[in-house]
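Keeping their order, the protein sequence lines are chains A and B. Count along the first sequence from 1, add 65, and you get the number used in the numbering used here. Count along the second sequence from 1, add 879, and you get the number used in the numbering used here. Here the structure is laid out as structure tokens; the discussion comes afterwards.
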Amino acid sequence: MLNRRNMIKQGTRMVAASMCATRPWLGVARAADGRETTTGPVEAGQWGTQPRTGGHVRAASTSGSLSDTLDPARQSMATDYLRGNMFYDGLVALDETLTPRPALAQSIESSDFQTWHIQLRSGVCFHDGAPLTSADVVYSILRHKDPALGSQVHYQAMAMHAVRADGPLGVVIELAAPNIAFPSVLGLTNFAIIRDGTTRFETANGTGPFTCAVFQPGVRSVALRNTNFWNPGGVWVDSLELISISDDMARHNALLSGDVDIIAAVDPRLVALVRKRNIAVMESPTGTYTNLAIRQDVGPGENADFVQAMKLLFNREQMRNSIYLGFCRAGNDQPLPPEHRFCNTDLPQTVYDPDKARFLLKKNGFLNQSLPPLICSPAANGSVEMAVLLQNAAQNIGLRLDVRRMPADGYWSQSWMRFPMGFGNVNPRASADMTFALSFASTAPWNEAHWRDPRFDQLLVLSRQEPDETRRHALYNDMQAMIHAGSGVCIPSFITSLDGFHPRIQGLHPHQGGQLMGYNFARHIWVNDQPASAKTGGQ
Amino acid sequence: MTMTAKLGMAIARRLGASCVSLIFVVVAVFFITSALPGDVAQSLLGQAATSDSVAALRHSLRLDQPVILRFASWAGGLLRGDFGVSLVSHQSVMSMVHERLIHSLLLAGITTLFAVPMALALGTLSAIFRNTIFDRAVSLLTLCVVSVPEFLVATLAVLVFAVQLHLLPALASISDIHSIGSFLAAFSMPVATLGCVIVGQMARMTRAVMVNVLSSSWVEMAVLKGVSPTAIILRHVLPNVIAPLFNVMALSLSYLLGGVVIVESVFHYPGIASLMVDSVASRDIPLVQTCALIFCAAYLLLTTLADIVALFSTQERTRA
């Protein structure tokens, strides 16, 4: 059995090894010699393979409004995450496979998975010069428990029974119940560490790779490289401006004209056009999905055959080709994408089978019944198109389904989870455990289908205490099989995230956590300008 | 009662009516925004909302008070010159609006400087040379630009001048303006796009008003008496068309403040129209109120100004 005490510590060595293997730009020479060696004169042929400091980058994300915030607790949109990750660090960082790696925490240990001992990295400073101490961490975590703050992770924070300092660099977190997957929770962007006592967020005072020079909600933010950053190989560009252009055409035009170097969320329809102009489009296999949730406590979803028939009516192939133009992966009515390290790949794939669906519906007398409408909205990516395809498939077997399209404005508060059949959109969670606990457990606040299976809840509790990863994987497999077979959540596909960038930007690589390297691109990129201009930039 | 006193009375009446409209708009906007589904607490929490967390946040933002009470406290603040605090960002509304308003006024001002003389010249020339090739060409052109939606004009302009020709930046980034050159580059496309819409409209209206006056019998008499065309236009026609022209301009220009949200979003220009759209989306009522108040005040100011000009011009004529 693996000794949990050393698990994350081993992770440190593992991460160093894997970085050498997959990302030569974080090579050993660099780690040994420090920053200066890489910024010296470099032969032209080496540009692009070797990271270097310097340069200014402009990036445009999708959503931005006056709700933009530098308060980690309230960050809820992609732009907020992208910005937050420039200025703040978490105790833990999630790598491209969503495996937790040490960040501000040097080690996280627990013998019973209920009381966790965190040892902070020493010598880390906030942007204002103050050293990072356990008091900052305790403050940063406990504030999420205040309901008046409006924290995005209030629910997760409430699972932490007590958070207390243990010496200047030690923190102890006691959970309400054991959870071996707890380190992933600390990897959530919202649990970023701020200075003890911070209540105002006009600017950011974090420990992150950039300092905040400008922050204008809904307009732009400018980040400058933190020369005092604790991780010597962790930041390259001198300055980075982040704007948000919600208008799709305008965002693509800004990329094509060279006004910005990077954009998030390339339209699948424009990928070919963008690539033709020598602009790269990165495909990230994220676990984001748009799903139909058929409530199982009210309406037709109370009948298991109806739920099964609806899953069979999803023409996944057609949806993949016509809605996402191929930029998605098949979903199998369970929430972990095929690339996830805990995905159950042995489950039989649900396929489009109108005959079987018709049989099931007819057997239960649904064909002549009037059914509640399918609620969809542009707020849930691709749901309107999915609803129409589903309606069409139903029509072909004599089932009448109405589609009701709701405005994007207010969809999540007014329509989502409020109708017998409605679409939702879920971003990848930090861990398989969080996916199950937040969206599928009987008491989960976001249990969209109101699916209740006590065996599933038992397996969840068991998996949280199972230190052996193989055995935990087996438990997760069973849980996915139960969701696949029983839950009213239909997941036809996982959406591939598309980000566009000019060839001068280097260091970007796909990440399962979301767009632009799990919203954390800023610290990984470097600029590959023409050597002539680059020499003046890299001091 | 003397003429001046009468004029003063008329102006006072107009200003009074404007104030009543303003109060009506403020009350109406508050209650309409309050009637929108969802509130700022739900909007802030988004998909992470649970009923407990929404209730707690609502309480801390004092959204659990009755609508009337919230309106009274906001209106009370307004009377003391306090526009309130944004529910989303906790900053004072005035500080949030201030910069955006300056940006909007700048864009509107530059557009006006270009659009008004151009529209007046085009309209007047078409009226003078009516039914000629020139008139028909102007008429066709203005009809075209008025009927094409501005997002199309803006997107096409970006496609041609920024993406294909690389002559102008695709975004009007106000923070990047450091020289006259970058100023012109940043503003040329937004101003041209807005210009298309209002020049077309104003030129057509100017022509209509001018033609109306030019075809009157007293202009014909002046022509018969041998007055030069320039003198007819400047001394006889212009004073008679000033009032309707000001009305046309007031309507077109009031659009430049609140109606330019598409241009703001296409060019990523941080103006006040997009601020208002944002604030409605996040249900930030104090901010919605202040923006509505500004738009309404600007509209009333312009139309009242046009009315006062009309009053003066009729008085001049009666005196003459």
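Here a beta-carbon is modelled for each residue, glycine too, at the ideal position from N, C-alpha and C.
ASP231 (chain A) counts as exposed, since fewer than 16 other C-beta atoms from the protein chains shown sit within 10 angstroms of its C-beta. For LEU321 (chain A), the chain B residues whose C-beta falls within less than 7 Å of its own C-beta are VAL1042, listed in chain order. For secondary structure counted as the alpha helix (DSSP H) over 4 or more consecutive residues, the stretch 894-964 of chain B holds these complete runs in sequence order: 919-924, 930-939, 946-958. Counting the other Cβ atoms within 10 Å of the Cβ of MET582 (chain A) gives 16 or more, which makes it buried. C-alpha of ALA927 (chain B) to C-alpha of GLN217 (chain A): approximately 6 Å in a straight line. Among the residues of chain B, none has a CB under 8 Å from the CB of TRP301 (chain A); the nearest is roughly 23 Å distant. By the rule that beta-carbons nearer than 8 Å mark a contact, ALA914 (chain B) does not touch chain A. Within a 10 Å sphere around the beta-carbon of LYS376 (chain A) sit 16 or more other beta-carbons, which makes this residue buried.
Minimum Cα-Cα distance from GLY487 (chain A) among the listed residues A:GLY366, A:SER311, A:ASN291 corresponds to A:GLY366.
Against chain A, the beta carbon of ASP931 (chain B) has neighbours under 8 Å at PRO212, listed in chain order. With a 10 Å radius around the Cβ and a threshold of 16 neighbouring Cβ atoms, ASP411 (chain A) comes out exposed. Using a 10 angstroms sphere on the CB of VAL1032 (chain B), the tally of other CB atoms reaches 16 or more, which defines it as buried. For ARG285 (chain A), the neighbours in chain B by C-beta distance under 7 Å run, in chain order, SER1054. A Cβ of chain A is located within less than 8 Å of the beta carbon of VAL1145 (chain B).
Under a criterion of Cβ atoms nearer than 8 Å, no residue of chain A is adjacent to HIS1115 (chain B); the nearest Cβ is some 49 Å distant. ILE359 (chain A): not part of any alpha helix (DSSP H); member of the beta strand (DSSP E) spanning 354-359, first to last residue.
Within the stretch 1147-1161 of chain B, those residues whose Cβ lies closer than 9 Å to any Cβ of chain A are, in chain order, HIS1147, PRO1149, SER1153, LEU1154, VAL1156, ASP1157, SER1158, VAL1159, ALA1160, SER1161. Shown in chain order are the members of the stretch 131-154 of chain A whose Cβ falls below 9 Å from a Cβ of chain B: LEU131, SER132, ASP133, THR134, ARG139, SER141, MET142.
Those residues of the stretch 557-586 of chain A placed with their C-beta closer than 7 Å to a C-beta in chain B do not exist.
For ILE173 (chain A), the enclosing beta strand (DSSP E) covers residues 170-174. For GLY917 (chain B), a Cβ of chain A is located within less than 8 Å of the residue's own Cβ.
Scanning the stretch 462-521 of chain A for uninterrupted alpha helix (DSSP H) segments of 4 residues or longer gives 476-479, 497-504, listed from N- to C-terminal end. Less than 8 Å divides the Cβ of LEU234 (chain A) from the Cβ of SER199 (chain A).
Sequence-ordered contacts of the stretch 1017-1047 of chain B with chain A read THR1034, VAL1037, LEU1038, ALA1041, VAL1042, HIS1045 [C-beta pairs closer than 7 Å]. With contacts defined by Cβ atoms closer than 8 Å, ALA1006 (chain B) and VAL1098 (chain B) do not form a contacting pair. Close to chain B, meaning a Cβ-Cβ distance shorter than 8 Å, are the following residues of the stretch 218-238 of chain A: VAL218, HIS219, TYR220.
When beta bridges are read from the DSSP output, VAL346 (chain A) appears opposite A:GLY565. According to the DSSP assignment, GLY235 (chain A) belongs to the beta strand (DSSP E) that extends over 235-240. Look at the stretch 222-308 of chain A and you find these whole runs of alpha helix (DSSP H), each 4 residues long or longer: 247-251. With a threshold of 8 Å between beta carbons, GLN1168 (chain B) makes no contact with chain A.
Between ILE258 (chain A) and VAL202 (chain A), the C-beta gap is smaller than 8 Å, which places the two residues in contact.
Between the beta-carbon of SER1153 (chain B) and that of LEU1166 (chain B) there is about 12 Å, and that puts the pair past the 8 Å contact cut. Contact between THR127 (chain A) and ALA330 (chain A) holds, since their C-beta atoms are separated by about 5 Å, short of 8 Å.
Shown here, ALA1049 (chain B) sits in coil according to DSSP, grouped into three states, outside any helix or strand. For LEU185 (chain A), the enclosing beta strand (DSSP E) starts and ends at 180-185. In this structure, GLY1150 (chain B) lies near HIS982 (chain B), with their beta-carbon atoms less than 8 Å apart.
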